[in-house]
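Laid out in structure tokens, this is it:
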């Protein structure tokens, strides 16, 4: 039982750690490749797409959750009219 | 007077011939030969097509059934390849009508992408609509109703398109299908564009996709997801490249589609909404209209046909093997269907734009085109849609189908296994093509209509894509507790003609019916009663007055005739006597005066 819990926790730690490492690697790549070809303006700020990805994901989830409250209906909503 | 200037084997003819054969043939082996052989023959015919063929002069108009330029050929190859993969996937299906409809549908699509004039385009456009509905009708009341709604929506779109074509010809426009709206959009151009936008599922004309596609058979939806919307992308690229309104419309479309996909519970409906989102990328790029942007739209159409087909194949296999399609009913299928999981994940990651997949190549071209056109707002919108794509299809869909906990009501799923060999083979080939397009981008770029290309695997593109995907995954990890799917459906624009039509019916049955009854009663009292009395009076007048006068006149004529008959004795002395009496009477009258 304890082993299962440890494995589960270990997996949970491993996953975000790997994701954060990828993000850091991306930021480093942005810094190293700053003088090379690539987008200009705000998009060229190292790590911009990491922040945009995280913020965009959280915002999308929040907005969609709110929209779902408005639009969600029971499965049989259209059954009487097909 | 009809005259074909030259003969070439049109792939649509092959598909139509095979469709007729499939509708008639009962033998399984012959059916399989037709299913697998026809796309191969069509591909050979497509490779050998001349640039222009099938010109015809009809009723004073020039028609061109075959225009195989670079833009047409890319879509033509994509459709034929997908027809082959769809046929392989559906090989175990025994319904002759389904197979025939699928190939007639393929004939319509190949006909549209090769059509050089509006008349032949419209004919094949309609063939597509009417053939595809047979892939939706599946025997259940739900699919029958969805099919009827689908055909009604498409019939309305076709009428708008036809009105545009007729108006264009009537106002002296050419029947040739070329770039439209170059000197400003006329009414005819707007009508034609509306007809095209409906098939491209551009909001608010998009609801038919999520309404109809999930009701189709697992094999039928492979054809549906590849053909109708991508044919619309082709006609938009051909006729309206550079039309500014399409760029924001496409970006909004990408976000609306993905927004619905994020909160939807039905696996196939998630993918249907996702079609709308991905077509949004293409419509946006077409609106930008530069050579690179149009290349991006075409490349994205090609890779999306493969990726979306692969996803629908994987989810279709799950539906077929478990009999369930709602995420809240599925879960923990990874051990039961491991091959399906791996292949579907390739499709999910490819559509999310992971490097080394076709999705990465095509999205990179679209994004580079937006950067070069200096449209940062649109770029951000499409990037946000990419986040939603990875959210809904890259993580949510596989997580709740193949992973997650085994709930009490999902125990039955564990008995399921991977689908039959032909379905797995079709999925494997589709995944291989998607990976090949990603690993060897030059192959895809060689098929694109314009010469302008961009560097795909630039460090900036790879780094930004990986950052975006990893950040999305991290965000989802943080809010994982909110992801659990819940039963229910989502309202969309189709509410207007589903519930809305029902409201109209209730309005007719209730208030309008009562109003009708009152008007009827008023009419009975104020109209029918007096009218009946007037009718009685007129009848009396008719009988006593007119009939009496006519009858009396007739009777008098009869009496007079009888008297004359009596007088006419035939004896000369009687006539002389009568004449003398008449003479004396006349004399007396004259003398008395």
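Residue numbers (the numbering used here), protein chains in the order written: chain A, 191 to 272; chain B, 96 to 688. By construction, the Cβ of each residue, glycine as well, lies at the ideal position given by its N, Cα and C atoms.
Opening and closing residue of the alpha helix (DSSP H) in which residue i lies
i: residue 157/B; result: Unbroken run through residue 157/B is the beta strand (DSSP E), 156-162; no alpha helix (DSSP H).
i: residue 116/B; result: 106-119
i: residue 188/B; result: Note, residue 188/B: premise wrong, no alpha helix (DSSP H); not H, not E.
i: residue 612/B; result: 608-617
i: residue 684/B; result: 667-687
i: residue 627/B; result: 624-635
i: residue 240/B; result: 236-265
i: residue 290/B; result: 282-294
Three-state secondary structure (DSSP) of residue i
i: residue 522/B; result: helix
i: residue 325/B; result: helix
i: residue 552/B; result: coil
i: residue 601/B; result: helix
i: residue 271/B; result: strand
i: residue 269/A; result: coil
i: residue 642/B; result: helix
i: residue 306/B; result: helix
i: residue 195/A; result: Per-residue confidence for residue 195/A stands at a pLDDT of 38, beneath the threshold of 50, marking its modelled position as unreliable; the derived number appears in the next sentence. DSSP places residue 195/A in helix when its eight states are reduced to three.
i: residue 513/B; result: coil
i: residue 497/B; result: helix
i: residue 255/A; result: helix
i: residue 171/B; result: helix
i: residue 96/B; result: Low confidence applies to residue 96/B: its pLDDT is 42, below 50, so where it sits in the model is not reliable enough to give any reading.
i: residue 235/A; result: coil
i: residue 144/B; result: coil
i: residue 574/B; result: coil
i: residue 314/B; result: coil
i: residue 546/B; result: coil
i: residue 277/B; result: coil
i: residue 300/B; result: coil
i: residue 664/B; result: coil
i: residue 122/B; result: coil
i: residue 233/B; result: coil
i: residue 580/B; result: coil
i: residue 223/A; result: coil
i: residue 206/A; result: helix
i: residue 73/B; result: Any answer about residue 73/B is impossible in this case: the structure gives chain B only from 96 up to 688.
i: residue 103/B; result: coil
i: residue 535/B; result: coil
DSSP bridge partner residues for residue i (one or two, in chain order)
i: residue 361/B; result: 421/B
i: residue 262/A; result: 585/B
i: residue 212/B; result: 271/B
Residue range of the beta strand (DSSP E) that includes residue i
i: residue 150/B; result: 147-153
Where residue i meets chain B, residues with beta-carbon distance less than 9 Å
i: residue 235/A; result: The contacting residues do not exist; residue 235/A stays about 11 Å from chain B at best.
Proximal residues of chain B, C-beta to C-beta of residue i below 7 Å
i: residue 219/A; result: 554, 558
i: residue 257/A; result: 354, 358
i: residue 204/A; result: Under the 7 Å cutoff, chain B gives no residues; its nearest Cβ is about 11 Å from residue 204/A.
Chain-ordered chain A contacts of residue i [CB-CB under 7 Å]
i: residue 582/B; result: 265
i: residue 482/B; result: 243, 246, 247, 250
i: residue 574/B; result: 248, 251
i: residue 561/B; result: 212, 216
i: residue 568/B; result: 209
Partner residues on chain A for residue i, Cβ-Cβ distance less than 9 Å
i: residue 586/B; result: 260, 261, 262, 263, 267
i: residue 476/B; result: Under the 9 Å cutoff, chain A gives no residues; its nearest Cβ is about 10 Å from residue 476/B.
i: residue 536/B; result: Those within 9 Å of residue 536/B in chain A number zero; the least Cβ separation is about 16 Å.
i: residue 407/B; result: What residue 407/B touches in chain A: nothing, since even the nearest Cβ is about 22 Å away.
i: residue 471/B; result: 229, 231, 232, 233
Neighbour list for residue i in chain A, Cβ cutoff strictly below 8 Å
i: residue 577/B; result: 251, 255
Residue i: CB within 8 Å of a non-hydrogen atom of the ligand GTP
i: residue 687/B; result: Although the ligand GTP was asked about, the structure shown includes no ligands whatsoever.
**Item:** Complete runs of the beta strand (DSSP E) confined to the segment 407-483 of chain B [at least 3 residues]
**Value:** Complete beta strand (DSSP E) runs here, min 3: none at all.
**Prompt:** Which full runs of the alpha helix (DSSP H) of 4+ residues lie inside the segment 324-402 of chain B, going along the chain?
**Reply:** The qualifying runs are 341-358, 362-383.
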